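S.K.: Submitted below is the structure of interest, expressed as structure tokens.
Printed below as a string of structure tokens:
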């Protein structure tokens with residue numbers, strides 16, 4: 005089971021302040037594009053399975069197919085029961101984004117498993133988002149500060165994979181409060197926000213902002 009801490013950063017001003025505070029610990033910036041898929045008959049979403057392609061648009065283009073199953077997000081702690089990732093040819097990935105039905109004919113371990121386990125014969129696209137991720141090594145932690153671009157607006161978040169989410173939460177909350185950075189516990193994953201209607205997704209962000217901690 006994978007475990008990750010997710011804290012929503014209130015707005016672009018708070019995001020800018022956070023990245024400046026962490027600038028001395030910066031490791032890299034990743035430019036990502038994420039596109040999600042389901043079976044034509046909702047075979048994956050009905051089983052709480054998320055399938056997506058992630059493209060990295062840096063000097064050397066890369067693409068990965070990822071699967072996450074039975075994820076739960078509670079009080080900013082995100083737990084995934086099953087997580088699988090494998091390399092995917094970027095050109096093939098782009099073709100599948102343009103025509104999701106092409107996934108049915110691609111030879112891939114994840115896709116083979118989905119066909120055998122869930123009987124997926126055809127795929128449909130669910131949309132996606134662009135994400136700019138700044139990675140930092142800070143206080144022994146790997147922090148990922150995200151600026152996520154949706155069709156309806158921009159979201160900011162800090163994530164940290166950890167086996168001690170409550171301990172890391174305490175450390176990060178103290179840091180954010182000391183530096184007057186408003187935040188809240190993420191209430192929805194990026195995928196959940198992306199596939200909701202613009203109205204409902206915007207309401208999620210507004211709710212996080214209303215419940216923000218700090219000053």
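Numbering (my numbering), first residue to last: 5 to 219. Don't be surprised by glycine CBs; every beta carbon is placed ideally from N, CA and C. Being a predicted model, the structure only gives us computed values, none of them experimental.
1. Please classify residue 125: does DSSP put it in a helix, a strand, or coil?
2. Looking at the structure shown, is residue 16 part of a helix, part of a strand, or coil, going by DSSP?
3. How many angstroms separate the CA atom of residue 31 from the CA atom of residue 141?
4. Give the secondary structure of residue 114 by DSSP, where H, G and I count as helix, E and B as strand, and everything else as coil.
5. Report yes or no: do the segment 101-118 and the segment 78-87 share at least 3 C-beta pairs separated by less than 8 Å?
6. As an exercise, report each continuous beta strand (DSSP E) stretch of at least 3 residues that is fully enclosed by the segment 19-89, in chain order.
7. What residue range is occupied by the uninterrupted alpha helix (DSSP H) comprising residue 199?
8. Tell me which same chain residues have a C-beta within less than 6 Å of the C-beta of residue 6, skipping the five on either side of it?
9. Taking the alpha-carbon positions, what's the residue 205 to residue 58 distance?
10. What did DSSP end up calling residue 171 once you bin it into helix, strand or coil?
11. Is the beta carbon of residue 33 closer than 8 Å to that of residue 128?
12. In the DSSP output, what is residue 163 paired with across the bridge?
13. Considering Cα atoms alone, identify which of 11, 176 and 15 is closest to residue 82.
14. Mapping the DSSP letters down to three states, classify residue 219 as helix, strand or coil.
15. Please list, in chain order, all residues of the same chain as residue 145 whose beta carbon is under 6 Å from its beta carbon, the five residues on each side excluded.
16. Quick check on this structure: which residue in 55, 186 and 24 has the alpha carbon closest to the alpha carbon of residue 119?
17. Within 10 angstroms of the Cβ of residue 67, are there 16 or more other Cβ atoms? Answer buried if so, exposed if not.
18. Measuring only the C-alpha atoms, how far is residue 174 from residue 192?
19. Counting C-beta neighbours from all protein chains within 10 Å, is the total for residue 152 16 or more, i.e. buried, or is it exposed?
20. If you reduce the DSSP assignment to three classes, tell me which class residue 190 lands in.
M.R.: So, from the listed chains and residues:
1. coil
2. helix
3. 7 Å
4. In the structure shown, residue 114 sits in a helix (DSSP, three-state: H, G or I).
5. no
6. 30-43, 53-60 and 66-78
7. 194-199
8. 84 and 87
9. Only weak support is given to the placement of residue 205: the predicted model assigns it a pLDDT of 48, under 50, and the value that follows is read from those uncertain coordinates. For residue 205 and residue 58, the distance between alpha carbons rounds to 21 Å.
10. Assignment of residue 171 by DSSP, reduced to helix, strand and coil, places it in the helix class.
11. no
12. In the DSSP output, where bridge partners are listed per residue, residue 163 has 10 and 148.
13. 11
14. Bear in mind that a pLDDT of 47 at residue 219, under 50, signals an unreliable position, so the number given afterwards is only what the model happens to contain. In this structure, residue 219 counts as coil in the three-state DSSP scheme.
15. 164
16. Of the listed residues, the one whose Cα sits closest to residue 119 is 55.
17. buried
18. Roughly 20 Å separates the two Cα atoms.
19. buried
20. coil
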